[in-house]
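Respectively, the protein sequence lines represent chains A and B.
Heads up: the first sequence runs through residues 1442 to 1629, numbered per this note's numbering.
Heads up: the second sequence runs through residues 1442 to 1629, numbered per this note's numbering.
C-beta atoms are modelled at their ideal positions from N, C-alpha and C, and glycine is treated no differently.
Reviewing the structure listed below.
Protein chains: 2
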Amino acid sequence: MTDEPDDILSKLPARLKEARRAQGLSLEAVANLSGVSRSMVSQIERGESSPTIATLWNLTRALQVDFAGLLEDRDNADRVEVLRQSEVPSIDNMGKGCLIRILSPPEDAGGHEVYDIRFEPDGALISQPHGRGVQEQLTVLEGSVRVASGSAAGDLGPGDTARYAADVAHSIHATDGAARIFLIVKQA
Amino acid sequence: MTDEPDDILSKLPARLKEARRAQGLSLEAVANLSGVSRSMVSQIERGESSPTIATLWNLTRALQVDFAGLLEDRDNADRVEVLRQSEVPSIDNMGKGCLIRILSPPEDAGGHEVYDIRFEPDGALISQPHGRGVQEQLTVLEGSVRVASGSAAGDLGPGDTARYAADVAHSIHATDGAARIFLIVKQA
DNA sequence: AAAATTTTTCCGTAATTGTGGAATCTTTTA
DNA sequence: TAAAAGATTCCACAATTACGGAAAAATTTT
Chain A
1442 MTDEPDDILS KLPARLKEAR RAQGLSLEAV ANLSGVSRSM VSQIERGESS
1492 PTIATLWNLT RALQVDFAGL LEDRDNADRV EVLRQSEVPS IDNMGKGCLI
1542 RILSPPEDAG GHEVYDIRFE PDGALISQPH GRGVQEQLTV LEGSVRVASG
1592 SAAGDLGPGD TARYAADVAH SIHATDGAAR IFLIVKQA
Chain B
1442 MTDEPDDILS KLPARLKEAR RAQGLSLEAV ANLSGVSRSM VSQIERGESS
1492 PTIATLWNLT RALQVDFAGL LEDRDNADRV EVLRQSEVPS IDNMGKGCLI
1542 RILSPPEDAG GHEVYDIRFE PDGALISQPH GRGVQEQLTV LEGSVRVASG
1592 SAAGDLGPGD TARYAADVAH SIHATDGAAR IFLIVKQA
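See below:
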């Protein structure tokens, strides 16, 4: 690794310049398209200035690049993070009254992971955001649960199925006694 | 759409605030973690200031949120899609005594498909070979089944899980009364 | 090669971000 | 209910971004 670990920002100038040159545009051309002054574009490309998100957003529109991908680690190793955070093959997750059985093989890590989860009465599984674009799908086998993802929520009974984004904070609560669910975590 | 079209930036303040509150942190706590002053965090959360990417980056680190996803237009996020038991598409497999409910969304066709299958006593699901490299994984919820793939076979009871090649002829039989299983078809 | 054109960088100025402390509002405790 | 503690917002000042025109550098044309 020749890069400083947490200095992803240092890669941004080069990527912006590359995007501009790839389209054969001059600083002035980009300035007209984006509404950002030539001087500013120059400074940003040279790493002499840290733009506000507003100006950077305008630049991405003019250059037709994806804002999200612009700051991402291209050769991403973030899958490892997702694993050790919340996919721990532990029996009792955070002592919240839920038993987790991992049904998917280890080699599926990063693919589609499958869990069989049993909740004690009032048990809960509260998760921090997973990697970007990850979705979860669960089916209630027994009991009732309340699913919350971001600011949205839904109540499920036996046989019901829910799908929701898992790249935001999300949680599953047993709302009426014990419960059992089938959970599938789908990587993007 | 009740949102202004190209003003994705307007969503950022709320998302940041939500991320902070989700972790039960005060402005000062975030300030200490991120190195950004309390006042600034407040202004950003209220949309009164457009932060530089440097400060926003520091905030995302402190809040443990994904920088890229923060500004993305995720229309399906913040929404829990619930499929009631009665409205899940199902197919009655040719009078073979098995009812198949399809839990995976149509857009997942060709990806990983998920089924909830109920067998009547002595019911069976006999399948021709799928595409090359396709694997199936099933977990028994109730009853007992015998799984056969090619020339191999295995007997499962409640809670047991089996994985096997599905690119050869394979079958699932209910061996002791009614049964219910969860089946996942994994494309190569 | 020199001139002309284009592109980029430099520089002074206006606008906005970012900071620390006081004031206001909210929640907790007695 | 009053007091205390905590969190958030307001305010004046420092630092940086952002802009427009001039100088410098690079590219193209004659």
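Applying a beta-carbon distance threshold of less than 8 angstroms, which residues of chain B neighbour residue i?
i         : result
Pro1492/A : Thr1493 and Ile1494
Arg1456/A : None at all; the shortest Cβ gap to chain B is about 12 angstroms.
Arg1479/A : Here the premise fails: no neighbours, minimum Cβ distance about 19 angstroms.
Just the chain A side, please: which residues come within less than 9 angstroms of residue i by C-beta, in chain order?
i         : result
Gln1484/B : Per Cβ cutoff of 9 angstroms: no residues; Gln1484/B is ~12 angstroms from chain A at best.
Glu1459/B : Gly1591, Ser1592, Val1609 and Ala1610
Ala1503/B : Ordered by position in chain A, no residue passes the 9 angstroms Cβ test against Ala1503/B, which lies about 12 angstroms from the chain.
Could you spell out the range, first to last residue, of the alpha helix (DSSP H) harbouring residue i?
i         : result
Ser1612/B : Counting along the chain, Ser1612/B falls outside any alpha helix (DSSP H), though it belongs to the beta strand (DSSP E) covering His1611 to Ala1615.
Lys1627/B : That residue, Lys1627/B, is in no alpha helix (DSSP H); its beta strand (DSSP E) goes Ala1620 to Lys1627.
Ser1483/B : Arg1479 to Glu1486
Ala1460/B : Leu1453 to Ala1463
Give the interface partners of residue i over in chain B, defined as CB-CB distance under 9 angstroms, in chain order.
i         : result
Leu1450/A : Ile1494, Ala1495 and Trp1498
Arg1487/A : The contacting residues do not exist; Arg1487/A stays about 15 angstroms from chain B at best.
Applying the 10 Å Cβ sphere with the 16-neighbour rule, what's the burial state of residue i?
i         : result
Asp1617/A : exposed
Pro1492/A : buried
Glu1489/B : exposed
Pro1562/A : exposed
Asp1447/B : With a pLDDT of 46 at Asp1447/B, under the threshold of 50, the modelled position of that residue is not reliable, and the figure given next carries that caveat. It counts as exposed.
Arg1573/B : exposed
Ile1613/A : buried
Ala1455/A : exposed
Ser1480/B : exposed
Ala1615/B : buried
Gly1598/B : exposed
Ser1475/A : buried
Gly1564/A : buried
Asn1473/B : exposed
Ser1451/A : exposed
Arg1461/B : buried
Ends of the beta strand (DSSP E) at residue i?
i         : result
Leu1579/B : Gln1576 to Glu1583
Glu1554/B : His1553 to Phe1560
Ser1590/A : Val1586 to Ser1590
Ser1646/A : Summary: the structure shown does not reach residue 1646/A, with chain A confined to residues 1442 through 1629, and so no result is reported for it.
Leu1597/B : Ala1593 to Leu1597
For residue i, go through chain B and note every residue whose CB falls closer than 7 angstroms to its CB, in chain order.
i         : result
Thr1580/A : Leu1544 and Asp1557
Phe1623/A : Phe1623
Gln1464/A : The contacting residues do not exist; Gln1464/A stays about 20 angstroms from chain B at best.
Thr1616/A : The premise fails here: Thr1616/A is roughly 14 angstroms from chain B at the closest Cβ pair, so nothing lies under 7 angstroms.
Can you pull the DSSP bridge partners for residue i?
i         : result
Thr1493/A : Thr1493/B
Val1471/A : Partner(s): none; Val1471/A has no beta bridge.
Arg1604/B : Gln1578/B
Leu1466/A : Answer is none; Leu1466/A lacks a bridge partner.
Check whether the region 1571-1578 of chain B touches the region 1586-1604 of chain B, taking contact to mean three or more Cβ pairs, one atom from each stretch, closer than 8 angstroms.
yes
So does the region 1459-1479 of chain B actually touch the region 1501-1508 of chain A, counting three or more Cβ pairs closer than 8 angstroms?
no
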